[in-house]
Amino acid sequence: MKTSEFLKEVKSLGFSAFVDEQKYVYVSIQSYGDDWFICVGNDCTGNIDIDAGYFKNNGEDFEKITKLAVDYAFTPVSEREDEPKFCVAVSPSYYKDESVWYLGSRKAGYANETGKSIEWYGTEGACAHEFTPKSYAKFLKDYPEWRPFLPDYDPDDRDRFVPVPMEEDE
1 MKTSEFLKEV
11 KSLGFSAFVD
21 EQKYVYVSIQ
31 SYGDDWFICV
41 GNDCTGNIDI
51 DAGYFKNNGE
61 DFEKITKLAV
71 DYAFTPVSER
81 EDEPKFCVAV
91 SPSYYKDESV
101 WYLGSRKAGY
111 ANETGKSIEW
121 YGTEGACAHE
131 FTPKSYAKFL
141 KDYPEWRPFL
151 PDYDPDDRDR
161 FVPVPMEEDE
């Protein structure tokens, strides 16, 4: 099970979840904020910690979330993550508070994976088109006119290849 799938399922059951810097996933009751009762580690398969004190008289949703968490915990760590998503900055921003033009935004032109115009969406400075490493390589192959301006994907170049955060509870 992918982390993104697990987070969506957690939310659909009425719980909250967040991922920390070490990619540990914590599940909590929405009204309790960061007070988690399930933690799935990222060190090895099967690394799960459950605080059973929350389960007393709390119904079948707790049984469902526990089974879901165990299923996720026993997914091999290498199979949990989706391909990284990113936007491609086509003009540099020297100041963090200034707008960056992204590939696929109306400001930066009309290039995207389909080769057709796409509308600007979101707030000013928002990423206009998300890529994965595979879709970006395909874009460069399908639209060679962009090749002189765009480098190969480099996950360490976070100024040009701006990561799109994984969806989490808000």
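For the sequence shown, the UniProt record's numbering begins at 1 and goes up steadily by one.
Ideal Cβ positions, reconstructed from N, Cα and C, are used throughout, including at glycine.
None of the values given here were measured: they were computed from a predicted structure.
Under three-state DSSP, which class holds residue i?
i	result
E79	helix
V10	helix
Y136	helix
Output needed for residue i: all residues of its chain with C-beta closer than 7 Å, excluding positions within five of it in sequence on either side, in chain order.
i	result
L13	D61, K64 and I65
residue 179	Outside the displayed span of the chain (1 to 170) sits residue 179, for which this structure offers no information.
F140	It is Leu, not Phe, that sits at residue 140 in the sequence shown. Cβ neighbours of L140 beyond the five flanking positions: W146, R147 and L150.
W36	Y26, V27 and S28
F15	V27, S28, I29, Q30 and I65
A69	V27, I38, V40 and I48
Between which two residues does the beta strand (DSSP E) carrying residue i extend?
i	result
P163	F161 to P163
V70	Run containing V70: none in the beta strand (DSSP E); it sits in the alpha helix (DSSP H), E60 to A73.
D49	I48 to I50
W36	W36 to V40
Just tell me which of the options has its CA closest to the CA of residue i.
i	options	result
P163	H129, R80 and N42	H129
D157	F86, E9 and E79	F86
Using a threshold of 8 Å, state whether the C-beta atoms of residue i and residue j are closer than that.
i	j	result
V77	C44	yes
G46	F74	yes
T132	E81	no
P84	P155	yes
A89	D159	yes
Within 8 Å of any Cβ in chain D, is that where the Cβ of residue i sits?
i	result
D142	Judged by its chain identifiers, the structure shown contains no chain D, having just a single protein chain.
Give me, in chain order, the residues of the same chain whose beta-carbon lies closer than 6 Å to that of residue i; leave out the 5 immediate sequence neighbours on both sides.
i	result
V19	V25
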